[in-house]
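Protein chains: 2
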Amino acid sequence: MSTTQTNQIEILKSPTTKINEVDFENLSFGSVFTDHLFECDFKNGEWQKPIIKPYAPFLLDPSSRVFHYGQAIFEGMKAYKDTQETVWLFRPDENYKRFNKSAVRMAMPEVPEEIFMNGLNQLLQLDEAWIKKGSGNAMYIRPFMIATGKGVIANPSNEYKFMIILSPVTSYYAGEVKVLIAEHFSRAANGGIGAAKAAGNYAAQFYPTNLANEAGFQQVIWTDDATHTKLEEAGTMNVFFVINNVLLTAPVSERILDGVTRKTLIDLATSENINVEVRPVLVSDLVEAAKNGTLQEIFGAGTAAVVSQISGFSYQDIYYELPKIDNSVAAHLKNKLTNIQNKLEEDKFGWTVKV
Amino acid sequence: MSTTQTNQIEILKSPTTKINEVDFENLSFGSVFTDHLFECDFKNGEWQKPIIKPYAPFLLDPSSRVFHYGQAIFEGMKAYKDTQETVWLFRPDENYKRFNKSAVRMAMPEVPEEIFMNGLNQLLQLDEAWIKKGSGNAMYIRPFMIATGKGVIANPSNEYKFMIILSPVTSYYAGEVKVLIAEHFSRAANGGIGAAKAAGNYAAQFYPTNLANEAGFQQVIWTDDATHTKLEEAGTMNVFFVINNVLLTAPVSERILDGVTRKTLIDLATSENINVEVRPVLVSDLVEAAKNGTLQEIFGAGTAAVVSQISGFSYQDIYYELPKIDNSVAAHLKNKLTNIQNKLEEDKFGWTVKV
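Here is the structure:
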C-alpha cells in the first residue's frame, strides 16, 4: 500500500481492486462496497486525523457503547456521473446539516464540515471508476457515526467513529407496493427521536413491517402514535398524496424526518405549477377521498428509491385500490428529479454540486 | 490456550488472567471485564456452536446492520457469592424471558434457553474468582445480541451475535438524585419499543438527560409522550412513589419496561404488609401530595443500583424537596432485597438460583 497526504487526509490505497468481480448490471441494493472507506475517530474531546483506507472489517470491544445503548446515526446520499464523466453530488449540504442535527439529538459530537465534505469528495474521487453513467445508476453514499467508547453504563460515549462507505446501485424498483395503515404500532414518539436519522428508529419498524408483509402488504404507513389519525411516513420514506389534483404531504415535525427528496419534490412540484399543500393529512381524509373517487395517488419519497408509487392501502381491514394513472404526478416528478440528478436536464435550482 | 468441550460449549481458556491488575475496592461500574466471554452466532437460520473464549475485541464489517439500523438488545443481571463461596443468580429466568421478548419486538431470533443458561453458568464458573463476597459486591452480567449481517438496506439482518460479558461491581451509590419531570421529551411511543430492552431506547434519553444535568438535575422522570401527565420511568429505572403510606408504581405497558427489580419489590412489599397500589400515577397526584405534605418518597428500581432514592423533583420550574425520612420504605426494601440476593436472609420466594 502507498501512503500519501492530501488536504490533511491520510490516504492508504488498496494494492488491488475488487471492481472486476462486480456485475454492475445486477446489483442488489446496498450490498456491494467499493475498494476504500473514509474514517475519522473522535477521542479526548476532539476529532483525530482522518484517513481513507481499504474497505475492511474493523475491531470493536464487546462493551462498545453502540452495541448496548444505540448511539448510531447515518445519512443516505447519492453521487451521479454525467455523460462527460463528471461526478456530481445532489444537495450534499442538506445531508451534512441533517447529520449534525441527528448527532445533537443523540448526544454525539458534531462532525466538522471540512471532515465530512473533504472526506466525501476525496473518497469519491479515489473510487470514481465505480460510479457508472446512465439513468438510474448512482453511487449510494453512507456516512455514519457510531459510539465506540467502552463500558456498560448508560451514558453517552466519549469516543466515536465517523465513516463513509460507498455502494454502487442501479435504479431501485420495489415491485408493486401495497401498504397497511398503522393502527397500533408506531415509529416515533412526541419528544422522541423520529426526526433524527438514528439507527434505533429503523430496528423499531422491522417487527410491525414483518407483520404487514405476512398480511400481504409491502410497507406500513406510519401514523402519529397518540391518536393514529395522522399519516406521517411510508416505510422508511416520507409520504405524499394526490387528492383532487392537489399534492399533499405532512409538515416535518419531531416525529417526521426532514427528507431531502421530500423538500426537493415540494420545490419541483411548485415550480411545475402543481398545487402543493403541506399540512397534516388525516387517515379520514384519505379514506373519504378513496371512497368519493378523488384519491389519485400515494407515493413514498426518499434517496434510495427516489419515488415509490403505492398501488393501494388497507385500513381497518378494508383494502382500497388506487386508480391506474398514465401520467402520474409521481412518475413526472421522479423523471424530472432523476434528469436533474443525472445532468440530463438543466439544474436551475443549483442542487447539483461537482465533486 | 487449551481447548475443551463441556456440555457442547467449546471452551478456549485464556493462558493468563487480568485479575491481579484489578482494584476490587474501587471499581467504576461496568468498566472492568473478566478474562472470558461467551459467544454464539446465528446464521443460515440457526444458532451455531457456542464458545467461551478470552475477552477481546472482535471484527465487524462497516456495513453491519447493528451500526445502521440498530438491531441490538441486552439484559442486566447480577450474580452473588455467599459466605460459603457459593455463587447465586437472582431470578435469571425473568431476564431470559424478557430477553426473548425484546428479540421478538426487534425482529431478531430468540435465543434457546440452553444456550443462554448454559453459557451463563459455565462462564460464571470459569471466572468465579472474579466474584467477591460481601454486601454490595456482585458480578454484573450483560447478555446482549447484535445484528451482524452485512448491507445498507433497511430490513432485518440474517446474521446475529449473542454474547455474555461479565463485569465485577461494588454497591452503586449515585449521590443525591434530584429529578426533572419531563414536560416535552419522552423515551417511548405508544406502539413503540419502550418495553423492549433495546439499545436505541437508551441513546434517545441521553440528550434530554444532558439538558437536565445542565439544569442541576441528575435524572429525568419520563412521562407518557402523548399527554405528559403520567409518571412512567426514572432515568433507566422503574419508578416508585410513597404517598400517604401507600407504595405506588405504574403498571407495565408497551411504554414501560417490565423490570425484574420492580416486580420483586412489589412482591417483597406486599409480603411485608406494605400497602401497594399498581396504577397510573399522575404528575398532578405527585404535585398535590408534595403540596399537602402526604408525599413521603420517590425512588427508582433497577438491577444496577437496586434502589435509588430521589431527594426532590422539579415540575413547571417549581422544585419540590422531599422530607428526610429515617426509616424509608426504599431503604427497608433495598436492605431486604440485597440480603436475599447475598443469601444473608432466607429466600422464601425461591428467587435465588445456584450456579
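As they're listed, the protein sequences go chains H and C. Mapping of the first sequence onto the working numbering: position 75 corresponds to residue 75, and the numbering continues sequentially without gaps. Count along the second sequence from 1, add 1000, and you get the number used in the working numbering. Every residue gets a Cβ at the ideal spot worked out from N, C-alpha and C, and that includes glycine.
Interface residues of chain H around V1066 (chain C) at Cβ under 8 angstroms? Under the 8 angstroms cutoff, chain H gives V66, F67, A72, A199.
Are V281 (chain H) and L247 (chain H) close, meaning C-beta to C-beta below 8 angstroms? no
Check the Cβ of Y1160 (chain C) against every Cβ in chain H and list those closer than 8 angstroms, keeping chain order. By Cβ distance, chain H contributes nothing, its closest Cβ being about 12 angstroms from Y1160 (chain C), past 8 angstroms.
Taking all protein chains shown into account, do 16 or more other C-beta atoms lie within 10 angstroms of the C-beta of K78 (chain H), making it buried, or fewer, making it exposed? buried
Determine, using beta carbons only, whether V152 (chain H) comes closer than 8 angstroms to chain C. yes
What's the gap between the Cα of E25 (chain H) and the Cα of G136 (chain H)? 11 angstroms
The stretch 1027 to 1042 of chain C touching the stretch 28 to 38 of chain H, judged by at least three CB pairs closer than 8 angstroms: no
When H:N238, H:V242, H:I310 are compared against T261 (chain H), the one with the closest alpha-carbon: Checked all of H:N238, H:V242, H:I310; the closest Cα to T261 (chain H) is H:N238.
Cβ neighbour criterion (16 or more within 10 Å) applied to P1015 (chain C): P1015 (chain C) should be labelled exposed.
Taking CB distances under 8 angstroms as the criterion, tell me whether A204 (chain H) reaches chain C. Answer yes: the Cβ-Cβ gap between A204 (chain H) and chain C drops below 8 angstroms somewhere.
Per-residue contacts from N190 (chain H) into chain D (C-beta, under 7 angstroms): No chain D is part of this structure, whose protein chains are labelled H and C.
Would you call V1306 (chain C) buried or exposed, if buried means 16 or more other Cβ atoms sit within 10 Å of its Cβ? Taking a 10 Å sphere around the C-beta of V1306 (chain C), we find 16 or more other C-beta atoms and assign the residue as buried.
Between the Cα of P1168 (chain C) and those of C:F1349, C:A1331, C:S1028, spot the shortest distance and give me the residue it belongs to. C:S1028
Smallest Cα separation from V1283 (chain C): which of C:A1138, C:D1224, C:K1178, C:I1052? C:D1224
Check the Cβ of G364 (chain H) against every Cβ in chain C and list those closer than 8 angstroms, keeping chain order. Residue 364 (chain H) lies beyond the range of chain H shown here (1 to 355); nothing can be said about it.
Measuring straight from C-alpha to C-alpha, what distance separates D258 (chain H) and D267 (chain H)? 14 angstroms
Alpha carbon of T1170 (chain C) to alpha carbon of D1023 (chain C), nearest angstrom: 11 angstroms
As an exercise, report each continuous alpha helix (DSSP H) stretch of at least 4 residues that is fully enclosed by the stretch 36 to 86 of chain H, in chain order. 65 to 69
Decide if Y1069 (chain C) is buried, meaning its Cβ has at least 16 other Cβ atoms within 10 Å, or exposed. buried
With respect to the alpha helix (DSSP H) encompassing R1279 (chain C), which residues constitute its N-terminal and C-terminal limits? Counting along the chain, R1279 (chain C) sits inside no alpha helix (DSSP H), nor does DSSP assign it H or E at all.
The beta strand (DSSP E) with M1237 (chain C) in it runs from where to where? 1237 to 1243
Could you please give me the residues that DSSP links to S1308 (chain C) through a beta bridge? Beta-bridge pairing links S1308 (chain C) to C:G1300.
Which residues of the stretch 82 to 95 of chain H have a Cβ closer than 9 angstroms to any Cβ of chain C? Give them in chain order. none
Taking 8 angstroms as the threshold (C-beta atoms), are L1120 (chain C) and K1053 (chain C) in contact? no
Does N1210 (chain C) get closer than 8 angstroms to chain H when you measure Cβ to Cβ? Chain H, which has a Cβ nearer than 8 angstroms to the Cβ of N1210 (chain C), makes this yes.
Leaving aside the five residues before and after M139 (chain H) along the sequence, list all residues of the same chain whose C-beta is less than 6 angstroms from its C-beta, in chain order. Cβ neighbours of M139 (chain H) beyond the five flanking positions: A79, I131, L166, P168.
Run through DSSP, which three-state label would A1163 (chain C) get? Checking the sequence shown, residue 1163 (chain C) turns out to be Met, not Ala. Three-state result, M1163 (chain C): strand.
Cβ closer than 7 angstroms: which chain C residues qualify as neighbours of A290 (chain H)? Those do not exist, as A290 (chain H) stays about 23 angstroms from chain C at its closest Cβ, beyond 7 angstroms.
Would V359 (chain H) pass as a contact of A182 (chain H) if the rule is Cβ separation under 8 angstroms? As displayed, chain H neither begins before 1 nor continues past 355, which places residue 359 (chain H) out of reach and without an answer.
C-alpha gap between Q309 (chain H) and N335 (chain H), whole angstroms: 13 angstroms
Does T17 (chain H) come within less than 8 angstroms of chain C when only Cβ atoms are used? no
Can you name the residues of chain C whose CB is closer than 9 angstroms to the CB of A356 (chain H)? As displayed, chain H neither begins before 1 nor continues past 355, which places residue 356 (chain H) out of reach and without an answer.
Interface residues of the stretch 253 to 282 of chain H facing chain C [CB-CB below 8 angstroms]: Within the stretch 253 to 282 of chain H, no residue has a Cβ that lies closer than 8 angstroms to any Cβ of chain C.
Under DSSP, the alpha helix (DSSP H) around F1116 (chain C) begins and ends at which residues? Element bounds for F1116 (chain C): 1113 to 1126.
My output table needs one value for Q1005 (chain C): the three-state DSSP class, helix, strand or coil. Reliability of the predicted coordinates at Q1005 (chain C) is poor, the pLDDT of 48 falling under 50, and no value is obtained from them.
Contact under 8 angstroms by Cβ, G1302 (chain C) with T1236 (chain C): Yes. Within cutoff.
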